[in-house]
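Numbering (my numbering), first residue to last: 5 to 359.
We put the CB at the ideal spot given by N, CA and C, even for glycine.
Since the model is a prediction, treat every value here as computed from it, not as a measurement.
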Amino acid sequence: MPKLKALIAGATGVVGRNLLRHLLATGDWEVVTLSRRKPDVEGAYEHIAIDLLDAAQCQAKLAHLSDVTHIFYVAVATNPDPLSPAIINNNLAMLRNLVENIEPVAAGLKHIHVMQGTKWYGSHLGGFKTPAREDHPRHMPPNFYYNQWDYIEDRQKGKRWTYSSSRPHAICGFAIGNHSNLTMVIGIYAAISKELGLPLCHPGTVDNFHALYQCTDSSMLARAVVWMSTAPQCANQAFNITNGDLIRWEDTWPKIAKHFHMEVGMRRHISLVRTMADKAPVWEQMVKKYGLRDISYADIVQWPYGDFVFAAGFDVVSSLTKLRRYGFHEQVDTEDMLFRMWDEMRAERILPPAS
């Protein structure tokens, strides 16, 4: 029986990187990755350096992929303004350029999975109805998730392939240059604070400190995405996916400080973008002092995402009822996940030693 063949678009991000690792580990898949640079993942796979916004480039570089069976679209075009026409148009254009150059030649295409998130419910606009369910009504657009879903839904009519979408929140893991990675935001913030002899202060609002919050382990997400893309009952469906538990920073923050061997400071709402803007020299000194991997300050952490997370003063809760009902039952303890990931980053010389 021939192997399934996966095409991962956005393979250097925290989702794509862990999805690639998972597919290679199973031994059941041939894999092709698409991204501007090759993923830092070892293994046998084909990599195509590509700009998905360039239609001509996509046509030239993707025409040979006639044996792809599954497309995992986990790429995203970012913009400081999530409502800007550019981010709406670019994210739809990237998906179209991929699909319209693969689908016509891949006669055995079985499934297209599109990664989305809780912005579907308007989490980027303010408080939203919780627990969020997949069948809740849409908010007032623009929202590029809506454009992508409508495009795939329309494109699939009369076709043999199916589609699905996952809606995680606060995906955690490691990837260089990833724009939304809470694990790195907290880890680098804590490491620099400790290096400066400071306690670990929660940088968010009072309401943020007390609100319910949820995260998603990138490794579990990879397994869930493959399940959604191969289980027949998941065809043409969208699923919320998170670790399955909830935290409050007021409870978790002291444990984070303890894990970094730090005192807990007073809660103080600050802009990480502004406060951490001048800390590149500190990080560069830490890289030399602790023998860390030489990853630039600009690539290792994205402070705007931290400001986004810690400014939210409302509960962020997704219902997992549909996910469980359809058959995915994995759960992850969020605090254990954070501590495990930071320990792994220490072992890989991404973060300084614990002492």
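Cβ neighbour criterion (16 or more within 10 Å) applied to residue i
i      : result
Leu102 : buried
His74  : buried
Val320 : buried
Leu202 : exposed
Leu200 : exposed
Arg21  : buried
Ala110 : buried
Trp346 : buried
Asn240 : exposed
Gly295 : exposed
Ala281 : exposed
Thr220 : buried
In DSSP terms, what residue i is bridged to
i      : result
Ser39  : Ala53
Trp33  : Leu8
Gln241 : Ser168
Ala13  : Leu38 and Tyr77
His117 : Phe76 and Ser168
Asp221 : Cys176
Ser322 : Ala136
Arg297 : DSSP, once it has assigned bridges, lists no residue as partnering Arg297.
Leu204 : Val268
Arg159 : None; Arg159 has no bridge partner.
Leu362 : Since the first residue of the chain shown is 5 and the last is 359, residue 362 is not available in this structure.
Residue i vs residue j beta-carbon contact at 8 Å
i      : j      : result
Leu66  : Asn95  : no
Leu355 : Gly310 : no
Ile196 : Lys283 : yes
Arg278 : Arg353 : no
Ala81  : Ile91  : yes
Ser170 : Met224 : no
Pro172 : Gly121 : yes
His263 : Phe343 : yes
Ala174 : Val19  : no
Ser323 : Arg159 : no
Glu339 : Thr256 : yes
Asn247 : Met341 : yes
Ile52  : Val35  : no
Rounded separation between residue i and residue j - CA only
i      : j      : result
Arg142 : Trp153 : 12 Å
Lys9   : Gln218 : 32 Å
Leu186 : Cys176 : 6 Å
Ala358 : Thr134 : 37 Å
Met5   : Pro145 : For Met5, the predicted model reports a pLDDT of 45, less than 50, meaning its position is unreliable; a value from the coordinates is still stated below. Rounded to the nearest angstrom, the two C-alpha atoms are 45 Å apart.
His4   : Ser222 : Residue 4 cannot be examined here, being either before or after the span of the chain that is shown, 5 to 359.
Ile116 : Arg272 : 44 Å
Asn212 : Ser127 : 13 Å
His333 : Ala228 : 9 Å
Tyr77  : Arg100 : 11 Å
Gly14  : Leu87  : 21 Å
Ala60  : Ile54  : 11 Å
Cys205 : Glu348 : 23 Å
Gln237 : Met98  : 28 Å
Trp33  : Met232 : 16 Å
Ala235 : Lys259 : 38 Å
Phe360 : Ala302 : No statement about residue 360 is possible, as the shown extent of the chain runs from 5 to 359 and does not include it.
Pro207 : Ile192 : 13 Å
Thr209 : Glu107 : 47 Å
Trp124 : Lys326 : 16 Å
Leu57  : Ser39  : 11 Å
Tyr155 : Gln289 : 48 Å
Val189 : Cys62  : 33 Å
Arg328 : Gln335 : 10 Å
Lys198 : Ala242 : 42 Å
Arg350 : Phe178 : 12 Å
Residue i at chain C interface by Cβ criterion, 8 Å
i      : result
His140 : Within the model displayed, chain C is absent; a lone protein chain is all it includes.
(request) Please determine if the stretch 204 to 219 and the stretch 246 to 261 are in contact, where contact requires at least 3 C-beta pairs separated by less than 8 Å. (result) yes
(request) Check whether the stretch 22 to 29 touches the stretch 38 to 54, counting contact only when three or more Cβ pairs, one atom from each stretch, lie closer than 8 Å. (result) yes
(request) Taking 8 Å as the threshold, find out whether the stretch 262 to 269 comes into contact with the stretch 295 to 306 through three or more Cβ pairs. (result) no
(message) Check whether the stretch 107 to 122 and the stretch 158 to 171 are in contact - that is, three or more C-beta pairs closer than 8 Å.
(response) yes
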